[in-house]
Amino acid sequence: MLKDAQNHGVEIIDYRPEYAVDFARISFQWINAYFKVERHDLEILNHPQAYIIDRGGCILLARLDGEIVGCAALIPEYEDPQVLELSKMGVDENCRGKGVGRILMEACLDRAREMNARRIFLETNSRLGPALYLYRAYGFQEAPMRPSPYTRADTRMELDLAESSGADLPTAL
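Straight run, no breaks: the sequence shown in our numbering ends on number 173.
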């Protein structure tokens with residue numbers, strides 16, 4: 001367990017193989033709600049150890065009352081391991097709007113700094129308003145799109161960790 005997040009009862013824990021089902025469940029939940037599951041989704045979700053952990057990345061999980069209710073992955077870029085992709089961030093549909101996403105985001109930023117990352121990027125879709133709001137609240141800024149393995153990706157955002165001290169982050173979303 002990394003931390004008991006701000007008296008919300010949410011714990012942020014590291015991924016272990018027994019949580020693979022939860023990681024996939026939460027990811028498929030939001031993907032299926034808005035989009036189609038794509039080949040790259042299946043590669044990552046069926047093989048999180050190979051695609052994330054073995055490459056030096058991590059998966060953080062949010063646990064509430066013993067249940068996994070959120071997840072997010074930090075995946076090092078092949079060309080520059082100090083650049084991380086924030087991927088597969090999601091919150092169980094029964095726990096949305098309760099601050100779990102904010103707690104997960106803070107944990108991801110803390111972990112990225114521990115990993116000595118210079119920058120974090122993410123690819124998302126402009127239809128995901130609450131997600132975009134969260135990313136912007138934490139200082140992510142839109143950047144030009146690059147080729148993506150996801151056809152649904154129409155928005156790229158980046159956060160320069162050298163410029164983001166974390167001192168001015170929101171306390172509630």
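All residues carry an ideal CB built from backbone N, CA and C; glycine is no exception. Since the model is a prediction, treat every value here as computed from it, not as a measurement.
Can you check the region 28 to 75 for any alpha helix (DSSP H) of at least 4 residues that lies completely inside it and give the ranges in chain order?
For the region 28 to 75, whole alpha helix (DSSP H) runs of length 4 or above, ordered along the chain, are 39 to 46.
In this structure, does DSSP put F121 in helix, strand or coil?
Here F121 sits in strand by DSSP.
Which partner residues does L86 have in the DSSP bridge list?
Checking the DSSP bridge columns, you'll see L86 partnered with L74.
Would you call the CB atoms of M115 and Y135 closer than 7 angstroms?
If you check the CB distance, M115 and Y135 do not come in under 7 angstroms.
Does the distance from the CB of A62 to the CB of L104 come in under 7 angstroms?
Yes, these two residues count as a Cβ contact at 7 angstroms.
Could you check which residue in D22, D110, P130 has the C-alpha nearest to that of L64?
L64 has its Cα closest to that of D22, out of D22, D110, P130.
So E158 is in the beta strand (DSSP E); what residue range does that whole segment cover?
Note, E158: beta strand (DSSP E), 155 to 160.
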